[in-house]
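Only one structure is covered here, and it is reproduced in the block below.
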Amino acid sequence: MILRPCRRDLESVELPVPEPGPGQILLQVRACAICRTDLHVIDGELSNPKLPIIPGHEIVGVVTQTGIGAERFQIGERVGVPWLGWTCGICEYCRTGRENLCEQARFTGYTWDGGYAEYAVADERYCFRIPESYSDAEGAPLLCAGLIGFRSYARTGDPKRLGVYGFGAAAHIVVQVAKFHGRQSYAFTRRGDLEGQQFARRLGAVWAGDSATLPPEPLEAAIIFAPAGELVPVALRAVRKGGIVVCGGIHMSDIPSFPYDLLWHERSVCSIANLTRRDGEEFFALAPRVPIRTVVQTFPLVEANKALNHLRTGKIKGAAVLVP
Ligand SMILES: [Zn+2]
Ligand SMILES: [Zn+2]
Numbered sequence: 003m004i005l006r007p008c009r010r011d012l013e014s015v016e017l018p019v020p021e022p023g024p025g026q027i028l029l030q031v032r033a034c035a036i037c038r039t040d041l042h043v044i045d046g047e048l049s050n051p052k053l054p055i056i057p058g059h060e061i062v063g064v065v066t067q068t069g070i071g072a073e074r075f076q077i078g079e080r081v082g083v084p085w086l087g088w089t090c091g092i093c094e095y096c097r098t099g100r101e102n103l104c105e106q107a108r109f110t111g112y113t114w115d116g117g118y119a120e121y122a123v124a125d126e127r128y129c130f131r132i133p134e135s136y137s138d139a140e141g142a143p144l145l146c147a148g149l150i151g152f153r154s155y156a157r158t159g160d161p162k163r164l165g166v167y168g169f170g171a172a173a174h175i176v177v178q179v180a181k182f183h184g185r186q187s188y189a190f191t192r193r194g195d196l197e198g199q200q201f202a203r204r205l206g207a208v209w210a211g212d213s214a215t216l217p218p219e220p221l222e223a224a225i226i227f228a229p230a231g232e233l234v235p236v237a238l239r240a241v242r243k244g245g246i247v248v249c250g251g252i253h254m255s256d257i258p259s260f261p262y263d264l265l266w267h268e269r270s271v272c273s274i275a276n277l278t279r280r281d282g283e284e285f286f287a288l289a290p291r292v293p294i295r296t297v298v299q300t301f302p303l304v305e306a307n308k309a310l311n312h313l314r315t316g317k318i319k320g321a322a323v324l325v326p
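See below:
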């Protein structure tokens, strides 16, 4: 069974098991985490998706078949499939270590079929081995929430005080990494989400509060994971001179205009796009050392629509994971 979007909902469709092409592997999906990006894909907020599409880009599966020339993994081996599914290898970005910006890049669950399914095909060069200490469901959120969170985190430099806006799957991982590196994190949640704030403190945030409030001390950096453009001026107000605000999402509502004063004094705003394989190697080496513990809420594959709705309405603590 696979699931594909149908008017803001997914419909269930029976399809034959796909064949792996040259350099590809066929995986039996063990777990696929749900990302906010999946909502953007399903809601039609991203341009040029493959249609119909099977969403899902945080796949943990077991290799059941290998295509011609695919030799990196053995049959039966556990493999993780991330958002970056394929790059051209020859464009200027690929040649300069920025394959995340590849002109021809293909993305799992967006321009290539993903993991809301019992089987998925992937190009083996872009897959990762999941550290053994993680169960299938616990490992799945590392593949995007973890990786994109880590890339966003790396972009903040070496802040003593780091703000995180939108306390979802990515933030709950970033706070653990920040603590491991001796940094203080400040978690900002939706207004009145006391449970979310408590959750953030439990994971190591030194402070947690509503996103509309200012932190008790100015921050050196902030990451925005929530898809809300109005948080950009809010976060700029919370960072001190020379601070940086990193937007970690693929989509955001419009950013309202704001006084230049908020940007003045060498504050900066930037975005993070996708990931490189190098990010993956670094992150999967780091994860068991922290060790990052993911908090997951699992749903059977047939309840994908319910899980997506819970994510939409902010009911998920940590990450939602589909288990076929
Ligand atoms: Zn994602
Ligand atoms: Zn390229």
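Throughout, the working numbering is defined as the position within the sequence shown, counted from one, plus 2.
Using N, Cα and C, we set each Cβ at its ideal position, and we do this for glycine too.
The model shown is predicted, which means the values in this text are computed figures rather than measured ones.
Shown here for residue 216: same chain residues with a beta carbon closer than 8 Å to its own, the five before and five after excluded, namely 239, 240 in chain order. DSSP places residue 302 in the strand class (E or B) of the three-state scheme. Residue 285 is not bridged by DSSP to any residue. In this structure, ligand 2 has a non-hydrogen atom nearer than 7 Å to the beta-carbon of residue 89. Annotated three-state conformation of residue 190 is strand, per DSSP.
Straight across, the Cα-Cα distance linking residue 98 with residue 150 is about 20 Å.
Using a C-beta cut-off of 8 Å, the stretch 55-66 makes contact with the stretch 79-93, since at least three inter-stretch Cβ pairs fall below that distance. With a threshold of 16 other beta carbon atoms within 10 Å, residue 317 falls short and is exposed. Residue side-chain check: residue 113 keeps its Cβ at 7 Å or more from all non-hydrogen atoms of ligand 1. Look at the beta carbons and you see the stretch 161-168 not touching the stretch 131-140: under three pairs across the two are nearer than 8 Å. The DSSP-derived three-state label of residue 65 is strand. For residue 28, the enclosing beta strand (DSSP E) has its first and last residue at 26-35.
Taken from the Cβ of residue 312, every heavy atom of ligand 1 lies 7 Å or farther away. Rounded to the nearest angstrom, the gap between the Cα atoms of residue 147 and residue 70 is 31 Å. Set against 7 Å, the gap from the CB of residue 39 to the closest heavy atom of ligand 1 is smaller.
Looking at the backbone, the Cα of residue 28 and that of residue 109 are separated by about 17 Å. With a cut-off of 8 Å on Cβ pairs, the stretch 282-289 is not in contact with the stretch 201-219, counting fewer than three such pairs. By the neighbour-count criterion, in which 16 or more other beta carbons inside 10 Å mark a residue as buried, residue 83 falls on the buried side. DSSP, read as helix, strand or coil, puts residue 87 in strand.
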